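Novice: Numbering (this note's numbering), first residue to last: 101 to 280. For each residue, glycine too, the CB sits at the ideal point set by N, CA and C. If you're wondering where the values come from, they're calculated on a predicted model, not measured in any experiment. The structure's right below; bear with me while I get my questions together.
Right, here's the structure in full:
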């Protein structure tokens with residue numbers, strides 16, 4: 101049985117999902133690309149599940165400027181082995197820090213020649229991250245710190261980066277200012 105609930109946040113309405121009521125299997129921003137592709141249409145809304153209460157507290161802490169880590173929540177994102185490896189790397193990006201798609205690709209292979217080809221696959225895996233914000237795909241930037249796509253929308257990516265105090269290049273700062 102799939103369970104879900106909704107949570108209000110500074111980036112809009114969030115859908116939380118759990119396949120069994122014990123692990124968080126999804127967190128999507130309303131209207132997010134791929135929203136929510138990994139859960140069936142039949143689901144029961146239950147905001148009182150322990151995992152949803154715990155996730156809501158995590159989100160409250162995060163949006164009030166705290167630095168909660170993904171390890172404090174039981175998560176079980178559904179995806180391929182490759183996607184799960186990328187999501188594991190995302191989970192290790194510290195609060196207030198960023199990484200590039202190319203850097204993730206290099207972490208995934210020993211032979212750097214292959215990493216150039218993996219960057220697109222990494223980008224796809226990042227974009228399909230089913231537990232947004234908590235598994236911090238918003239901390240991934242393009243080459244040279246360039247602001248790139250975000251399944252939850254560039255405006256929301258900017259809000260999350262600003263919340264964490266992430267300083268990025270001038271071009272990106274202009275885009276962030278535009279989304280205030």
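#1: Going by beta carbon distance, what residues of the same chain come within less than 8 Å of residue 175, once the five residues before and after it are set aside?
#2: Cα separation between residue 168 and residue 263?
#3: My guess is that residue 226 and residue 186 are in contact by the Cβ rule of under 8 Å, so how many angstroms apart are they, rounded?
#4: What residue does the alpha helix (DSSP H) around residue 108 start on, and which one ends it?
#5: What residue does the alpha helix (DSSP H) around residue 99 start on, and which one ends it?
#6: Are there 16 or more other CB atoms within 10 angstroms of the CB of residue 229, so buried, or fewer, so exposed?
#7: Quick one: what's residue 113 bridged to in DSSP?
#8: For residue 135, which of 113, 265 and 206 has the nearest alpha-carbon?
#9: Could you work out which residue in 103, 154, 128 and 156 is closest to residue 237 when comparing CA atoms only?
#10: Could you check which residue in 195, 157, 193 and 222 has the C-alpha nearest to that of residue 181?
#11: Looking at C-alpha atoms only, which residue of 178, 189, 165 and 104 is the closest neighbour of residue 150?
#12: Under DSSP, the beta strand (DSSP E) around residue 243 begins and ends at which residues?
#13: Using only alpha-carbon positions, find the residue among 261, 195, 193 and 153 that is nearest to residue 117.
#14: Count the other CB atoms within 10 Å of the CB of residue 157; is the residue buried (16 or more) or exposed (fewer)?
#15: According to the Cβ coordinates, are residue 115 and residue 102 closer than 8 Å?
#16: Relative to the C-alpha of residue 243, which residue among 120, 200, 111 and 254 is closest?
#17: Counting only runs of 4+ residues fully inside the region 126-165, write out the alpha helix (DSSP H) ranges in chain order.
#18: Tell me whether residue 260 sits in a helix, a strand or coil according to DSSP, three-state version.
Specialist: For this structure:
#1: Correct list, in chain order: 123, 124, 125, 231, 234 and 235.
#2: Roughly 13 Å separates the two Cα atoms.
#3: Residue 226 to residue 186, Cβ: 6 Å. Contact.
#4: Careful: residue 108 lies outside any alpha helix (DSSP H), inside the beta strand (DSSP E) at 103-109.
#5: The structure shown does not extend to residue 99, since the chain spans only 101 to 280, so no value can be given for it.
#6: When all chains shown are included, residue 229 counts as buried.
#7: Paired residues: 108.
#8: Selected option, being the one with the closest Cα: 113.
#9: Closest option to residue 237, Cα to Cα, is 128.
#10: Out of 195, 157, 193 and 222, 222 has the C-alpha closest to the C-alpha of residue 181.
#11: If we check each option's Cα against that of residue 150, 104 comes out closest.
#12: No beta strand (DSSP E) contains residue 243, which DSSP labels as neither H nor E.
#13: Ranking 261, 195, 193 and 153 by Cα distance to residue 117 puts 153 first.
#14: Residue environment for residue 157: exposed (fewer than 16 other C-beta atoms within 10 angstroms of its C-beta).
#15: No, these two residues do not count as a Cβ contact at 8 Å.
#16: Measuring from the Cα of residue 243, the nearest candidate turns out to be 200.
#17: As summarised for the region 126-165, the continuous alpha helix (DSSP H) elements at least 4 residues long and confined to that stretch are 150-163, given in chain order.
#18: Of the three classes helix, strand and coil, the one that applies to residue 260 here is helix, per DSSP.
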